[in-house]
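In my numbering, the protein residues as written are 955 to 1178. No residue lacks a Cβ here, since even glycine has one placed at the ideal position from N, Cα and C.
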């Protein structure tokens, strides 16, 4: 796959409805990129792939987004947080707001808050139900990185509109789905993604469930 194209397995609406038993392996998804995020089978935790590393060889991914990350924007900022992240991506946002963007932030984080979703305890347990049992974590004064994507609003249901970021500390002792962060002297890198390829699951779970759309509020309650 060419640099700065986006590959995605499944759609977030399927994950919302608990379709999460099967998917590609790490060797298969690495053909599509070296950076990405997603979840493993039965939604048993959060996944981040950075420089082709970050997951177990036995994992399968019922939802994952991957890209060969080649930033076209790179700059250092004295202060960065979730509230001013969009400003930090200028001029890519808002001028490319209707495109997917890949985003990476490296630095020392004053604070990162993130969540980890527990595994499903029954077949097709919905993501909103799992979110009620999620574990919230916070770390301070830690070096690490964020990676994820900006998805345009019209793709809600295929992906999570707005920012979807995962965190990984340099020592790999902490990580998860980012709900907030504050960083000083951060390096932000990003790229506009030119193509969007979605591979739909072909297992019974996906075909048996009428996959429906979800409102932005429900989507962000589960993934925000």
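1. Whose C-beta lies closer than 7 angstroms to the C-beta of residue 1046 among residues of the same chain, with five residues either side of it excluded?
2. Which residues bound the beta strand (DSSP E) around residue 999?
3. Distance cutoff 9 angstroms, beta carbons only. Does residue 1040 sit that close to anything in chain D?
4. Candidates 1064, 967 and 973: which alpha carbon is nearest residue 1135's?
5. Where in the region 1065 to 1153 do unbroken runs of the alpha helix (DSSP H), each at least 4 residues long, occur, reported from the N-terminal end onward?
6. From this set, 1083, 1078 and 1129, which residue's C-alpha is nearest residue 1090's C-alpha?
7. Using 8 angstroms for Cβ pairs, my map puts residue 993 next to residue 1067. What's the rounded Cβ distance?
8. What would DSSP say about residue 1054, mapped onto helix, strand or coil?
9. If distances are taken between C-alpha atoms only, which option among 986, 969 and 1051 comes closest to residue 1108?
10. Short check: CB of residue 1059 to CB of residue 1084, under 9 angstroms?
11. Is residue 1078 near the ligand MN - that is, is its Cβ less than 8 angstroms away from at least one heavy atom of it?
12. Tell me, to the nearest whole angstrom, how far the beta carbon of residue 1140 is from that of residue 1031; I am working on the premise that it is less than 8 angstroms.
So, from the data block:
1. Reading the chain shown from its first residue, position 92 is the one you call residue 1046. The residues are 1027, 1055, 1144 and 1146.
2. For the purposes of this step, residue 999 is taken as residue 45 along the chain shown, with counting starting at 1. Here residue 999 belongs to no beta strand (DSSP E), and DSSP marks it neither H nor E.
3. The structure shown has no chain D; it contains just one protein chain.
4. For this step, residue 1135 is matched to residue 181 along the chain shown. Each of 1064, 967 and 973 was checked against the Cα of residue 1135, and the nearest Cα belongs to 1064.
5. The region 1065 to 1153 contains, as complete alpha helix (DSSP H) runs of 4+ residues, the segments 1081 to 1085 (chain order).
6. For the purposes of this step, residue 1090 is taken as residue 136 along the chain shown, with counting starting at 1. A check of alpha carbon separations from residue 1090 across 1083, 1078 and 1129 identifies 1129 as the nearest.
7. Indexing the chain shown from 1 puts residue 993 at position 39. Indexing the chain shown from 1 puts residue 1067 at position 113. Not really, about 19 angstroms apart at Cβ, beyond 8 angstroms.
8. The sequence position of residue 1054 within the chain shown is 100, counting from 1. Residue 1054 falls in the strand class under three-state DSSP.
9. The count along the chain shown starts at 1 and reaches residue 1108 at position 154. Nearest C-alpha to residue 1108: 1051.
10. As a working mapping, residue 1059 is identified with position 105 in the chain shown. As a working mapping, residue 1084 is identified with position 130 in the chain shown. Not in contact: residue 1059 and residue 1084 (Cβ atoms no closer than 9 angstroms).
11. This structure simply doesn't include the ligand MN, nor any ligand for that matter.
12. Taking the first residue of the chain shown as 1, we reach residue 1140 at position 186. Taking the first residue of the chain shown as 1, we reach residue 1031 at position 77. 5 angstroms between Cβ atoms; contact.
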